[in-house]
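**Q** There's a structure below that I have some questions on.
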Amino acid sequence: MTADGPHHELPGHSVSDATGVSRRPSRAGAGAALSGGAWTRFSRSPWFNPLVVTLLVGAGVVYFFMTGGGPRARLERLAEVYLTQDRWRWLLSGLGSTLVLTLIAAVTGVMIGLVLSVIRMAWRAGAPIALLNLFAETYVTVVRGTPVTVQLMIIYFGLFADLPVSRVLAAGLAFGINSGAYVAEIFRAGIESVDGGQMEAARSLGLPYLLAMRKVVLPQAFRNVLPTLVNEFITLLKETAVAGYIAVEDLTREANNIRTKTFDIGPLYVTALIYLVLVLLLTLLLRRVERKLREGDRSQVNI
Amino acid sequence: MKVIEVRSISKAYGDNLVLDEVSLEVRRGETIAIIGPSGSGKSTLLRCMNRLEEVDSGEIFIDGEPITGRGGRRLDQVRRRMGMVFQQFNLFPHLTVAGNITLAPVSLRMMRPDAARERARELLRQVGLEEKLDSWPDQLSGGQKQRVAIARALAMDPEVMLFDEPTSALDPEMVGEVLRVMRDLSEAGMTMLVVSHELAFVRQAATRVLFMDAGKLAVDLPPAELFDNPPNQRIRDFLDAVQQKDAV
Chain A
1 MTADGPHHEL
11 PGHSVSDATG
21 VSRRPSRAGA
31 GAALSGGAWT
41 RFSRSPWFNP
51 LVVTLLVGAG
61 VVYFFMTGGG
71 PRARLERLAE
81 VYLTQDRWRW
91 LLSGLGSTLV
101 LTLIAAVTGV
111 MIGLVLSVIR
121 MAWRAGAPIA
131 LLNLFAETYV
141 TVVRGTPVTV
151 QLMIIYFGLF
161 ADLPVSRVLA
171 AGLAFGINSG
181 AYVAEIFRAG
191 IESVDGGQME
201 AARSLGLPYL
211 LAMRKVVLPQ
221 AFRNVLPTLV
231 NEFITLLKET
241 AVAGYIAVED
251 LTREANNIRT
261 KTFDIGPLYV
271 TALIYLVLVL
281 LLTLLLRRVE
291 RKLREGDRSQ
301 VNI
Chain B
1001 MKVIEVRSIS
1011 KAYGDNLVLD
1021 EVSLEVRRGE
1031 TIAIIGPSGS
1041 GKSTLLRCMN
1051 RLEEVDSGEI
1061 FIDGEPITGR
1071 GGRRLDQVRR
1081 RMGMVFQQFN
1091 LFPHLTVAGN
1101 ITLAPVSLRM
1111 MRPDAARERA
1121 RELLRQVGLE
1131 EKLDSWPDQL
1141 SGGQKQRVAI
1151 ARALAMDPEV
1161 MLFDEPTSAL
1171 DPEMVGEVLR
1181 VMRDLSEAGM
1191 TMLVVSHELA
1201 FVRQAATRVL
1211 FMDAGKLAVD
1221 LPPAELFDNP
1231 PNQRIRDFLD
1241 AVQQKDAV
């Protein structure tokens, strides 16, 4: 809270107007001063979330003061930490690894989750696949019942030990194998959310089970779980921060590399901020997706 | 000529016997109406015929071929020869009307997409909905949805059409349009089994009426005989009850 006390409000985000009744942002006050559309749009976008602004500004402020000294000393310190040895590039390449890692994991996870969920649904529908189903259930139980870090190390130092697989790829697959178990549960719920009559209608037309699943049930299930799926990707992105356990030079590990070289914890704040921005971008994507889905529903009803 | 032969099939859900030694022969071109109190096994009988439900005992033959018992691929072949229309339409909401109709013929590689689309247009003309080819299911009324569902089933060129209470989820003003399509189909010589309590339609279109009661096939008569001269009190009461509902 600022020293100005309760009367201070961010422009364009006043909580009440003069009457104290309306709780909508006042356009007349701030909008006039800031000449129009851009600010209004910004203030109404999901970005303009007080919590988000506080976090962003707060992190920046904390970071700046952590480096100590007067303005000149601070700048020199920043230059030493980030410009010496081009260390800022470490963060950049770490970010690259993190993104590649997450992408590999997301794709692997979705494919594994898809197969596992279909196995479990087909078993429930009476397909003679007891062994496959046992495998799928065991997979989900084991993966969800053990820490991802342990899985990561077992997979890299154990299963992939003698294979010519790069660390990033190995870590990507490991996180994908982990995520697959969670995605399987998401898809299972999605498939269950599709009316049983859909499968019956498809089967009554002579479509085999898997084809009916692929053409009729899964497209509807996918649509239902898309928001949950994006949430899983957000979790996944943050989880990859433990990839350093198998010496993957991801964003987190690169930040720590700089810290050990400079004894400056600033890079960790920068890293936190980068993760936060990535997560916010995914959240924006999620909102877009949700809005598109809602609009889709509406247009189909109204026309 | 026999298209379907049902030989004493039985089916139970737990202790509840829903089909009790039902036997039935369906000749080509017949329209058979199945009526009876709720829970008497009408829907289950239909659903056993294309094996959405499995019978516990007994046999079903199509063109002399047994369809009961095990066998995955053959099951899908059997279903392609029987179109099914459901009470709740079950259109695929993520596909357009054309997509609904062409899905099975195209993805089973029985037709090329453009040929299937032309066929869809033709079938829609038949059910009076040609202009809805590229509409979405959500844009259709209940009666239109059900007519599309009929077109979708016809796209597989089935030998038999099964209708499971096709009008009971419809608003009253939409029942007629669906029944008209069914009557046309019946007059064109399609073999049909219809679970329906639309007695006027049954009287007009059916060649035989089956009255089911507690899992048994109680009566099997031409509609005129059954309606004008109900063979027993139980049926008389049932017909009265249905007609009273219509009168109210």
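Those protein sequences? They're chains A and B, same order as listed.
Going by the numbering used here, the first sequence wraps up at 303, each residue one higher than the last.
Going by the numbering used here, the second sequence wraps up at 1248, each residue one higher than the last.
C-beta: ideal position from N, C-alpha, C; glycine also.
Note that this is a predicted model, so its numbers are computed, not measured.
#1: Look at A1116 (chain B) and A1155 (chain B) and say whether their C-beta atoms are less than 9 Å apart.
#2: Hey, out of A:L91, A:R41 and A:P128, whose CA is closest to V270 (chain A)'s CA?
#3: Whole angstroms is fine: what's the gap from V97 (chain A)'s alpha carbon to A241 (chain A)'s?
#4: To the nearest angstrom, report how far apart R24 (chain A) and R287 (chain A) are at their CA atoms.
#5: What's the C-alpha gap between T1167 (chain B) and V230 (chain A)?
#6: For V1006 (chain B) and R1028 (chain B), which I take to be in contact (beta-carbon distance under 8 Å), what is that distance rounded to the nearest angstrom?
#7: Any beta carbon from chain A within less than 9 Å of N1232 (chain B)'s own beta carbon?
#8: Where does I1101 (chain B) land, buried or exposed, given buried means 16+ other C-beta within 10 angstroms?
#9: Taking the C-alpha atoms as reference points, what is the distance between N1142 (chain B) and S1135 (chain B)?
#10: Among the residues of its own chain, which have a CB less than 6 Å from the CB of K1216 (chain B), if the five just before and after it don't count?
#11: At a Cβ threshold of 9 Å, is D1056 (chain B) touching chain A?
#12: Measuring straight from C-alpha to C-alpha, what distance separates S1196 (chain B) and A1033 (chain B)?
#13: Does the beta carbon of P219 (chain A) sit closer than 9 Å to a beta carbon anywhere in chain B?
#14: What distance in whole Å lies between the Cβ atoms of M213 (chain A) and V118 (chain A), which are believed to be in contact at a cut-off of 8 Å?
#15: Run the CB neighbour count on G1064 (chain B), radius 10 Å, all protein chains shown included, and call it buried at 16 or more, exposed below.
#16: Quick one: list the residues of chain B neighbouring E200 (chain A), beta-carbon separation under 9 Å, in chain order.
#17: Helix, strand or coil for P1093 (chain B) per DSSP?
#18: How big is the Cα-Cα spacing for L226 (chain A) and G37 (chain A)?
#19: Quick one: what's got a C-beta closer than 6 Å to V1194 (chain B)'s C-beta in the same chain, skipping five residues either side?
#20: Can you pull the chain A residues whose beta carbon is under 7 Å from the beta carbon of M1156 (chain B), in chain order?
#21: I want to verify the contact list: residues of chain B whose CB lies under 9 Å from the CB of V216 (chain A), in sequence order.
#22: If the cut is a Cβ gap below 9 Å, which residues of chain B does G37 (chain A) touch?
#23: Since I believe G176 (chain A) is in contact with I234 (chain A) (beta carbons under 8 Å), could you give me their beta-carbon distance rounded to a whole number of angstroms?
#24: In whole angstroms, give me the CA-to-CA distance for R294 (chain A) and L1095 (chain B).
#25: Mind checking whether G180 (chain A) and G109 (chain A) have CB atoms under 9 Å apart?
#26: At a CB distance below 8 Å, what residues from the stretch 1106-1123 of chain B approach chain A? Give them in sequence order.
#27: Would you verify that the beta carbon of L83 (chain A) is, or is not, closer than 9 Å to some beta carbon of chain B?
#28: What does R1147 (chain B) reach in chain A if we use C-beta pairs closer than 7 Å?
#29: Could you give the DSSP three-state label for P1113 (chain B): helix, strand or coil?
#30: Using the Cα positions of E290 (chain A) and L159 (chain A), report the straight-line distance between them to the nearest angstrom.
#31: Closest Cβ-Cβ distance between R223 (chain A) and chain B: below 9 Å?
#32: Could you name the residues of chain A that R1079 (chain B) contacts, counting a contact when the two beta carbons are closer than 8 Å?
#33: What does the Cβ neighbour count give for T1031 (chain B), buried or exposed, with the cut at 16 atoms within 10 Å?
#34: Counting pairs of beta carbons, one from the stretch 198-215 of chain A and one from the stretch 165-172 of chain A, are three or more of them closer than 8 Å?
#35: What residues are listed by DSSP as bridge partners for L1162 (chain B)?
**A** Let me lay it out:
#1: yes
#2: A:L91
#3: The amino acid at residue 97 (chain A) is misidentified as Val; the sequence shows Ser. Cα to Cα, S97 (chain A) sits roughly 11 Å from A241 (chain A).
#4: Any reading at R24 (chain A) must be qualified, since the residue scores a pLDDT of 39, below 50, and its modelled position is unreliable; no value is offered.
#5: 41 Å
#6: Going by Cβ atoms, the distance from V1006 (chain B) to R1028 (chain B) rounds to 15 Å, so no, they are not a contact pair.
#7: no
#8: buried
#9: Residue 1142 (chain B) is actually Gly in this sequence, not Asn. Near 14 Å, if we compare the C-alpha coordinates of S1135 (chain B) and G1142 (chain B).
#10: D1020
#11: no
#12: 7 Å
#13: yes
#14: 6 Å
#15: exposed
#16: R1047, L1052, M1084, F1086 and N1090
#17: coil
#18: 32 Å
#19: A1033 and F1163
#20: L205 and G206
#21: F1092, H1094, L1095 and L1103
#22: Correct list: empty, because the minimum Cβ distance to chain B is about 35 Å.
#23: The pair is not a contact, with the Cβ atoms about 16 Å apart (cut-off 8 Å).
#24: 17 Å
#25: yes
#26: S1107 and L1108
#27: no
#28: Those within 7 Å of R1147 (chain B) in chain A number zero; the least Cβ separation is about 15 Å.
#29: helix
#30: 39 Å
#31: yes
#32: R203, S204, L205 and G206
#33: buried
#34: no
#35: B:M1084 and B:L1193
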